[in-house]
Amino acid sequence: MEAEAHVDEAAPADGRDLRGVYRYYELAKRAEWQVRDLPWGEVPPIPEYKGSPQKLARRRDLWRSVVTQQLQADELAVEMATQLFSIAPDHEAKLYYTTMVQDESRHTEGWLKLIHEAGGMAERDPYLDQLAQQVLEADTLEEKVFLMQVFYERLIIPRFRMIARSSRGTVLEDLCNRLAIDDGIHHGAGMAYERVLLEGAGTKVKTRLVDAANRLLPIFTQHALWRPKAREFIGALMRETDIRMLREDLEQGIRLAKSLGIDPSGIELPDELI
Ligand SMILES: [Fe+2]
Ligand SMILES: [Fe+2]
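Numbers 166 to 439, taken from the numbering used here, label the letters of the sequence shown in order.
Structure representation (structure tokens):
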């Protein structure tokens, strides 16, 4: 009943229709889970192997490095989601962002526990810090939602699926599957809100988004191709796959920009992809 009453309340009296964003708030509440729901103690935290002590140590470092990067990404996501929550002017969006702050903080909790079980933190990805800095320092809400929710959270989903596929029967797999769902909601909500924010926006606002994308893409590319010491030995092998995925990511980003009414012809591809 309350939801129905709300729908009328959110009807576009001033031309802004936030019902789409409100629906993501309801969806996020239904999809909520707890870190204690993960299969701790029932399955290994990260994949286990047989072989020489050197091989085991190398594999362990590799997975620690994967988990560290995700922990770092979700730590930064807590900051970004908190900022979105505090600056979003609309009631429905604020309500929605309360769920995103909780999600990102729960993700961080899961990664922290997992990294502890996996043997501790590894090397931080410097480009990920720079990416978050760009979002946090972007001038407008339109840019922040575009960079984080429209772009980044969409591109992270196939990566969670890829990690899950290579870590069957572990806590890591379970966590990645949950995060793929949560980030699907974060992305959907961002698309819905960005649409509202861009309604009636002039070319100036949209050009700023293209500029923001052009500042982000080179660093995003560095981030996608970055290999810490622990993963250097598979770096060369993975580079082709990384570049292919990166290209798909960018094509997807361009499709999303188009669907928001942004002219993507001004988006410049990073040198690595030309
Ligand atoms: Fe997250
Ligand atoms: Fe997220």
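Using N, Cα and C, we set each Cβ at its ideal position, and we do this for glycine too.
In the structure shown, what three-state DSSP assignment does TRP198 receive?
-> On the sequence shown, position 33 is the one that residue 198 refers to. The three-state reading of DSSP puts TRP198 in coil, since its state is none of H, G, I, E or B.
Minimum C-alpha distance to VAL375 - residue among ALA242, ARG188 and ILE427 | The sequence position of residue 375 within the sequence shown is 210, counting from 1. The shortest CA-to-CA distance from VAL375 to any of ALA242, ARG188 and ILE427 is the one to ILE427.
Cα-Cα separation between LEU227 and VAL336, rounded to whole angstroms | The sequence position of residue 227 within the sequence shown is 62, counting from 1. The sequence position of residue 336 within the sequence shown is 171, counting from 1. Rounded to the nearest whole angstrom, the CA to CA distance from LEU227 to VAL336 is 16 Å.
Just curious, the alpha helix (DSSP H) that ILE321 is in, first and last residue?
-> Taking the sequence shown and counting its residues from 1, the one referred to as residue 321 is at position 156. ILE321 -> alpha helix (DSSP H) spans 318-330.
May I have a chain-ordered list of the alpha helix (DSSP H) segments no shorter than 4 residues that lie completely inside the stretch 187-259?
-> List check, alpha helix (DSSP H) in window: 218-252.
Roughly how many angstroms lie between the CA atoms of HIS272 and ARG380, to the nearest whole one?
-> Position 107 of the sequence shown, counting from 1, holds the residue named residue 272. Position 215 of the sequence shown, counting from 1, holds the residue named residue 380. The C-alpha of HIS272 lies about 27 Å from the C-alpha of ARG380.
Stretch-stretch touch, CB-based, cutoff 8 Å, three pairs: the stretch 220-238 with the stretch 286-295 | Judged by pairs of C-beta atoms under 8 Å, the stretch 220-238 touches the stretch 286-295, as three or more such pairs exist.
Compute the minimum distance between the beta carbon of ASP339 and the heavy atoms of ligand 1, and state whether it is under 7 Å.
-> If you number the sequence shown from 1, residue 339 lands on position 174. No, Cβ of ASP339 sits at least 7 Å from all heavy atoms of ligand 1.
Minimum C-alpha distance to ARG392 - residue among GLU207, LEU203 and GLN234 | As a working note, residue 392 is residue 227 in the sequence shown. Here the closest residue by C-alpha is GLN234.
Measure the alpha-carbon distance for GLY185 versus ALA354 and round it to whole angstroms.
-> Here residue 185 refers to the residue found at position 20 when the sequence shown is read from its first residue. Here residue 354 refers to the residue found at position 189 when the sequence shown is read from its first residue. So the alpha carbons of these two residues sit roughly 8 Å apart.
Given ALA238, which residues of its chain have a CB within under 8 Å of its CB, disregarding the five upstream and five downstream residues?
-> By one-based count along the sequence shown, residue 238 stands at place 73. Annotation for ALA238: LEU293 and ILE321 place their beta carbon closer than 8 Å to its own, counting only its chain and skipping 5 residues before and after.
Spell out a yes or no on whether the stretch 303-317 and the stretch 351-365 are touching, meaning 3 or more CB-CB pairs, one atom from each, closer than 8 Å.
-> Yes, the stretch 303-317 touches the stretch 351-365.
8 Å Cβ cutoff met for VAL266 and VAL300 = In the sequence shown, the residue the question calls residue 266 occupies position 101. In the sequence shown, the residue the question calls residue 300 occupies position 135. Not closer than 8 Å, so no.
What is the DSSP secondary structure of ASP268, counted as helix, strand or coil?
-> One-based indexing of the sequence shown puts residue 268 at position 103. Under the three-state reduction of DSSP output, ASP268 falls in the helix class.
Near GLY193, which residues of its chain fall below 6 Å by C-beta distance, leaving aside the five closest residues on each side in sequence?
-> Your numbering for residue 193 matches position 28 in the sequence shown. Inspection of the sequence shows that residue 193 is occupied by Ala rather than by Gly. The residues are THR264 and ILE350.
So is GLN199 buried or exposed if we call it buried at 16+ other beta carbons inside 10 Å?
-> The sequence position of residue 199 within the sequence shown is 34, counting from 1. Exposed is the call here.
Give the secondary structure of PRO383 by DSSP, where H, G and I count as helix, E and B as strand, and everything else as coil.
-> For the purposes of this step, residue 383 is identified with residue 218 of the sequence shown, where counting begins at 1. In the structure shown, PRO383 sits in a helix (DSSP, three-state: H, G or I).
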